[in-house]
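Okay, so here's the structure we're looking at.
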Amino acid sequence: MREGRIGFSLQQVNAVDDTGEVLYSECLGRLVERDGAVRTSEEFTAFLEASGRVALFDRYMVGLAFEWLDCNPSGVLGCDISAGNIFDENTWSELYDLLSRNREMASRLVLEITECLPLATLPTAAEFIEGARALGYRIALDSFGTGHSPESLLSVPVDIVKLDAFFIGRGQGVGKGKGFLHHLVGLASCVAPTVIIEGIETYGQLEAVKKAGATHVQGFLLSEPTLYPVYCGQPAPLPAAKPRSAGSRQLHS
2 MREGRIGFSL QQVNAVDDTG EVLYSECLGR LVERDGAVRT SEEFTAFLEA
52 SGRVALFDRY MVGLAFEWLD CNPSGVLGCD ISAGNIFDEN TWSELYDLLS
102 RNREMASRLV LEITECLPLA TLPTAAEFIE GARALGYRIA LDSFGTGHSP
152 ESLLSVPVDI VKLDAFFIGR GQGVGKGKGF LHHLVGLASC VAPTVIIEGI
202 ETYGQLEAVK KAGATHVQGF LLSEPTLYPV YCGQPAPLPA AKPRSAGSRQ
252 LHS
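Under my numbering, think of the first position of the sequence shown as 2, with each following residue one higher.
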């Protein structure tokens with residue numbers, strides 16, 4: 002982040018009835034190594050979690066999204082927010098301040114809440130979500146069905162529900178799986194006007210989700226993101242070096 006080597010690629014969310022209509026484009030995290038190799042967010046998420054940097058990463062990505070939106074007045078983005086960022090007030094206050102400072106772009110940024118929302122944290126999560134929606138942001142519940150529980154779907158106010166690709170893969174959207182997908186979409190549509198199914202890679206899957214009643218789709222069939230980031234922003238200034246006390250040892254990494 003300090004060197005400007007974190008950025009994002011984009012993948013569109015398309016309307017089912019008119020695939021040329023784009024609801025928004027999701028920011029997909031990318032890390033450019035010093036040797037030029039590119040890693041996707043899936044490859045470094047475990048490190049972020051283990052080192053306690055998920056909240057910092059999320060805020061950085063939202064900041065990049067605002068920079069991109071400022072340069073692209075007609076653009077609309079979606080940005081992931083880990084559920085861990087909104088479990089307690091001390092964690093989400095910095096993120097909320099960032100959202101508040103940029104509320105003029107709120108209508109063009111969708112906040113996608115990832116991971117599971119444990120029941121004990123739902124009141125706090127609902128407070129953050131209601132505050133963000135009051136600023137004008139839309140909220141999407143990501144990976145419903147494999148990450149979020151029905152309790153979280155019914156307990157927090159959301160604008161969009163995204164169904165995990167699992168439910169359309171491996172034949173889930175055809176044959177016996179059609180009825181299950183239809184009921185899952187029906188449940189999601191009870192609480193949100195927009196239901197997105199991820200992982201669409203074939204026209205057969207596209208037709209299956211259309212019959213199931215989903216409003217939008219996301220996947221390689223209609224939008225294949227680039228590996229290299231389309232936006233990385235500007236490198237952040239390095240903090241000033243702190244003087245070492247006498248007798249301290251220099252560490253090498």
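Glycine included, C-beta positions come from ideal geometry on N, C-alpha and C.
Predicted model only: the values in this text are computed from it and were never measured.
Neighbour flag for residue i against chain B, beta carbons, 9 Å
| i | result |
| --- | --- |
| serine 156 | Absence of chain B from the displayed structure is noted, only one protein chain being present. |
First and last residue of the uninterrupted alpha helix (DSSP H) at residue i
| i | result |
| --- | --- |
| aspartate 59 | 55-72 |
| tyrosine 204 | 204-213 |
| alanine 51 | 42-51 |
Beta-carbon proximity check, residue i vs residue j, cutoff 9 Å
| i | j | result |
| --- | --- | --- |
| alanine 166 | glutamate 131 | no |
| isoleucine 1 | aspartate 59 | Nothing can be reported for residue 1, as the shown portion of the chain is limited to 2 through 254. |
| alanine 215 | valine 196 | yes |
| valine 39 | tyrosine 204 | no |
| alanine 56 | glutamate 95 | yes |
| arginine 104 | leucine 155 | no |
| lysine 212 | histidine 183 | yes |
Nonlocal neighbours in the same chain, by C-beta distance under 7 Å from residue i, ignoring five residues either side
| i | result |
| --- | --- |
| threonine 20 | Leu223 |
| leucine 207 | Ile201, Val218 and Leu222 |
| glutamine 12 | Ser26, Glu27, Leu29, Gln219, Ser224 and Pro226 |
| tyrosine 138 | Leu100, Ala107, Leu110 and Leu112 |
| aspartate 18 | none |
| phenylalanine 129 | Ile87, Trp93 and Tyr97 |
Per DSSP, cross-strand counterpart(s) of residue i
| i | result |
| --- | --- |
| cysteine 28 | Leu11 |
| glutamate 199 | Gln219 |
| alanine 135 | According to DSSP, alanine 135 bridges with nothing at all. |
| valine 162 | Leu142 and Val196 |
| valine 23 | Asn15 |
| tyrosine 232 | Phe9 |
8 Å CB neighbourhood of residue i in its chain, flanking five on each side removed
| i | result |
| --- | --- |
| lysine 243 | In this prediction, lysine 243 scores a pLDDT of 39, lower than 50, which makes its location untrustworthy; the coordinate-derived value is nonetheless stated afterwards. Nothing meets the Cβ criterion. |
| methionine 62 | Ile7, Phe9, Cys28, Gly30, Cys80 and Asp81 |
| arginine 134 | Ile140, Pro158 and Asp160 |
Close beta carbons around residue i, own chain, < 6 Å, minus the five adjacent residues each side
| i | result |
| --- | --- |
| aspartate 71 | none |
| glutamine 109 | Reading off the sequence, residue 109 comes out as arginine, not glutamine. Excluding sequence neighbours, arginine 109 sits near Leu70 and Val77. |
| serine 144 | Asp165 |
| leucine 142 | Ile114, His149, Val159 and Val162 |
| cysteine 233 | Gly5 and Gly8 |
| glycine 79 | Tyr25, Glu27, Val111 and Glu113 |
| glutamate 22 | Ala16 |
| leucine 49 | Val55 and Phe58 |
| glutamate 68 | Gly234 |
Limits of the unbroken beta strand (DSSP E) element including residue i
| i | result |
| --- | --- |
| serine 144 | 139-145 |
| aspartate 81 | 78-83 |
| threonine 115 | 110-115 |
message: Could you check whether the stretch 218-230 touches the stretch 184-195, counting it as contact only if at least three pairs of C-beta atoms, one from each stretch, sit closer than 8 Å?
response: no
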